[in-house]
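Every letter in the sequence shown is one number past the one before it in my numbering, and letter 137, counting from 1, is 142.
Glycine included, C-beta positions come from ideal geometry on N, C-alpha and C.
Keep in mind it's a predicted model, so treat the numbers as computed, not measured.
Below is one structure; the comments refer to it alone.
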Amino acid sequence: METNKFNGTNYNDWLRNLRIVLDFKNQGYVLYKPLPTALPEGSSPEERLTFEKWHEDNRMVRSIILASMTNEIQKQYDRLEDVPSIMLRMEDVYAVPDRKGALEEGVSTTPLHPGAERSRRLSKDEMILRLGDGKAVAAEAVGSLRLVVSNHIRIDLKECYFVPRKMTKKPFVGQNAIANGLLDLVHTDVCGRLSIPARGGFSYFIPFTDDHSRYGYVYLMRYKSEAFGRFKEYRLEVLNQN
């Protein structure tokens, strides 16, 4: 585990190695089985021994898990006392389905959209999104993206929704020109959750681009529900630029 520390991008490999170590120690049961909080009245000596061993194994496995993380990720989980809580939170943020599982669940390992590492086509009206201009559109696919920014930093986006390009043209039926006025059409999309939250606890980001002025801005968010508030901030930014 020391040579394969969890860094936010190697969850599947890290988990496989963790299970090998714990299976050897007969402690693998601790990972997902809820930790008993109290012994029932009239418990037998054997039940008491099992209860005490369970808690002792939980402490040992918790230490192994935390020690096998980078310092930055470790800080996100060191306040959790029971192992199942740690594992469920990590699975929610970092788990990536393998190729066999992806195919069984209808996830395409050949991306439906450029830039996507994998994606799944959505059924009609399965996901309706509301854009910054107030219009509702149906997403056609959901997938994961990997962005590479300056200094070779990688950002893995677990849940990005893809909207047909034709949807952005609906306000201009029969025209090939761009928007005629400021803020008549704004391109936007909520991206996340980030595999590793940014400093400050930001797990999502949302870009805005005004079709007329081409003025663009990206906002970090802790929750998806902040999207409309960020659009109002962006609107003021655009108006102040003109």
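Could you tell me which residues DSSP puts in a beta bridge with residue i?
i    : result
P212 : V223
F236 : Looking at the DSSP assignment, F236 forms no beta bridge with any residue, so it has no partner.
L36  : According to DSSP, L36 bridges with nothing at all.
Y166 : V147
L134 : V142
To the nearest angstrom, how far is the alpha carbon of residue i from that of residue j?
i    : j    : result
G186 : Q246 : 14 Å
R67  : S128 : 41 Å
E61  : K10  : 23 Å
M65  : V98  : 23 Å
V147 : G197 : 11 Å
T75  : A184 : 47 Å
F167 : I201 : 22 Å
A144 : E96  : 25 Å
D28  : M92  : 16 Å
N12  : V26  : 18 Å
L188 : D83  : 45 Å
F233 : R126 : 26 Å
R94  : E57  : 25 Å
Y228 : E46  : 44 Å
For the alpha helix (DSSP H) holding residue i, just list the boundary residues, first then last.
i   : result
V88 : V88 to Y99
V66 : P50 to A72
F11 : It is not in any alpha helix (DSSP H) - F11 carries neither H nor E in the DSSP assignment.
Y82 : N76 to Y82
Between which two residues does the beta strand (DSSP E) containing residue i stretch?
i    : result
V191 : V191 to T193
A203 : Careful: A203 lies outside any beta strand (DSSP E) and carries neither H nor E.
V143 : Residue 143 is actually Ala in this sequence, not Val. Where A143 is concerned, the enclosing beta strand (DSSP E) stretches over A141 to A143.
Consider the C-beta atom of residue i and the heavy atoms of the ligand NAP; say whether any pair is separated by less than 7 Å.
i    : result
L241 : What this structure holds is no ligand at all, so the ligand NAP is not there to describe.
Does the beta carbon of residue i sit closer than 8 Å to a beta carbon anywhere in chain B?
i   : result
V35 : You won't find chain B in this structure, because it holds only one protein chain.
Would you say the region 223-241 touches the region 206-213, given that touching needs at least three Cβ pairs under 8 Å? yes
Between the region 42-54 and the region 23-32, do three or more beta carbon pairs fall short of 8 Å? no
For the 8 Å Cβ check, are there 3 or more pairs between the region 36-44 and the region 82-99? yes
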